[in-house]
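Undergrad: Going from the sequence shown to the working numbering is simple: count from 1 and add 192.
In this text, a Cβ means the ideal position worked out from N, Cα and C, and glycines have one as well.
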Amino acid sequence: MRRKWWMISLLGIVLVTLGGLAFLTHPLTTNERSRPAQHNQIKEKSATPKKVRTAKPWIKLKQPLKLPILMYHSISSGNQLRVPKQQFAAEMAYLKDHHYRTLTTAEAIRALTTNQIPQKKVVWVTLDDAYKDNLTHMLPVLEPTKLHATINVITGFTHKKNHLSLAEMKQMQATGRVDFASHTVQHLDLSSLSATQQRQEMINSKVWLNRHLKQSTTMLCYPAGRNNATTRRLAKATGYQLALTTTEGFAQMKQGRYHLSRLRITPGMSTTTFADLIQVTNQ
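Written out as structure tokens, the structure is:
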């Protein structure tokens, strides 16, 4: 009998102990489940709108635009068509320091044809013939100053050792510092050619540039600046929007868009002379 009661008592103690453990552990389980899991919590980030840079409106001029179009050739030394790198660098530094906007071809066409400019001081830097030193001497000056230039290419000369190859032109184009325009195929005096020959020089150059540089070529630079009425008519007919000469002076639409003047930059020119040469007030 005593043994029976002892067994009953022992069983009761075990049941009480198990019940107590269940009581103690139950609140913990409930609390764990009621607390949100840390890895499931998503913190809301405050949305900061990105600043969108809007282009400033161009300035509409009251008077006809006078555009300084600078004419360079080789950036080296040796003759009157070669401007030393040090001089070119000083002239580009002047443009940078005095807050000039160096136009692309597209911007120059827009400026001249709409009589609007992106800012008060503008200039268009052009280089004729596409010499190889435009890559080795000119581009290293443009890149750090973030200025821009247009190179007028003789497309039939790209295999010559002193002229830019197609691969080199693509390399320059990729920098965004340079664009390319037509200087015909063989650099012949257009005014001495027949209409058919002139048209071939203009159209074949344009097709080559468009195909190989994946662009729409809209500007023609006459070899040695020579042209006649037929040349100007054909320039328009073959799809060019502007054509440049070597006539000295600021470019103005009253000259006709296919007979625009430029400013020749000569070797040995001082920075002061350069500054005076390009000085113009557009309003």
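1. Taking one C-beta from the stretch 349-359 and one from the stretch 382-399 each time, how about it: are there three or more such pairs within less than 8 Å?
2. The beta strand (DSSP E) spanning residue 432 covers which residue range?
3. Quick one: measure Cβ to Cβ for residue 486 and residue 253, integer angstroms, because I've assumed they're closer than 8 Å.
4. Cα separation between residue 295 and residue 423?
5. With a CB to CB cut of under 6 Å and the five nearest residues on each side skipped, what residues in its chain are close to residue 330?
6. Does residue 329 come out as helix, strand or coil in the three-state DSSP assignment?
7. List the DSSP bridge partners of residue 334.
8. Under 8 Å Cβ to Cβ from residue 390, same chain only, skipping five residues before and after it: list those, please.
9. Using a Cβ cut-off of 8 Å (strictly closer), state whether residue 474 contacts chain B.
10. Run through DSSP, which three-state label would residue 272 get?
11. Where does residue 380 fall in DSSP's three states?
12. Within 8 Å, do at least three Cβ pairs link the stretch 362-374 to the stretch 400-418?
13. Give every residue of the same chain whose Cβ lies closer than 7 Å to the Cβ of residue 287, excluding the five residues on either side of it in the sequence, and list them in chain order.
14. Sorted by chain position, which residues of the same chain lie with C-beta nearer than 6 Å to residue 345's C-beta, five sequence neighbours on each side aside?
15. Got a sec? Which residues, its chain only, sit under 6 Å from residue 412 by beta carbon, not counting five neighbours each side?
16. How should residue 478 be labelled, buried or exposed, when 16 other C-beta atoms within 10 angstroms of its C-beta is the threshold for buried?
17. Going by the DSSP bridge assignment, what does residue 342 pair with across the sheet?
18. Just to confirm the assignment, what range does the alpha helix (DSSP H) spanning residue 287 have?
19. For the alpha helix (DSSP H) containing residue 361, list its first residue and its last residue.
20. Is residue 354 closer than 8 Å to residue 343 when the C-beta atoms are compared?
21. According to DSSP, is residue 449 helix, strand or coil?
22. Straight-line CA distance for residue 378 to residue 352?
23. Helix, strand or coil: how does DSSP classify residue 252 here?
24. Alpha carbons only, please: which of 317, 334, 292 is nearest the one belonging to residue 298?
25. Go ahead and label residue 275 buried or exposed: buried means 16 or more other beta carbons lie within 10 angstroms of its beta carbon, across all protein chains shown.
26. Should residue 271 go down as buried or exposed, given a rule of 16 or more other Cβ atoms within 10 Å for buried?
TA: With the structure as the only source:
1. Below 8 Å, too few C-beta pairs join the stretch 349-359 and the stretch 382-399 to call them touching: fewer than three.
2. From DSSP, residue 432 is part of no beta strand (DSSP E); its letter is neither H nor E.
3. There is no way to answer for residue 486, as the model of the chain reaches only from 193 to 475.
4. Annotation: residue 295 to residue 423 spans about 26 Å, alpha carbon to alpha carbon.
5. 267, listed in sequence order.
6. The answer is helix: DSSP assigns residue 329 an H, G or I state.
7. Paired residues: none, contrary to the question.
8. Excluding positions up to five away in sequence, the list reads 382, 422, 423, 426.
9. In the structure shown, chain B does not exist; there is a single protein chain.
10. Coil.
11. Three-state result, residue 380: coil.
12. The stretch 400-418 and the stretch 362-374 touch, with no fewer than 3 CB-CB distances between them shorter than 8 Å.
13. Contacts found: 294, 315, 339.
14. Once the five neighbours on either side are set aside, the close Cβ partners of residue 345 are 322, 372, 375.
15. Counting only Cβ-Cβ distances below 6 Å, and skipping sequence neighbours, we find 374, 427, 432, 435.
16. This structure cannot speak to residue 478, because the chain is shown only from 193 to 475.
17. Answer is 318, 371.
18. Bounds of the alpha helix (DSSP H) holding residue 287 are 277-289.
19. Secondary structure note for residue 361: its alpha helix (DSSP H) is the uninterrupted segment 358-365.
20. No, Cβ-Cβ distance for residue 343 and residue 354 is not below 8 Å.
21. It is coil, neither helix nor strand.
22. For residue 378 and residue 352, the distance between alpha carbons rounds to 12 Å.
23. Reduced to three states, the DSSP call for residue 252 is strand.
24. Taking only the C-alpha atoms, the option nearest residue 298 is 317.
25. Buried, because 16 or more other Cβ atoms sit within 10 Å of the Cβ of residue 275.
26. For residue 271, the number of other beta carbons within 10 angstroms of its own is below 16, and it is reported as exposed.
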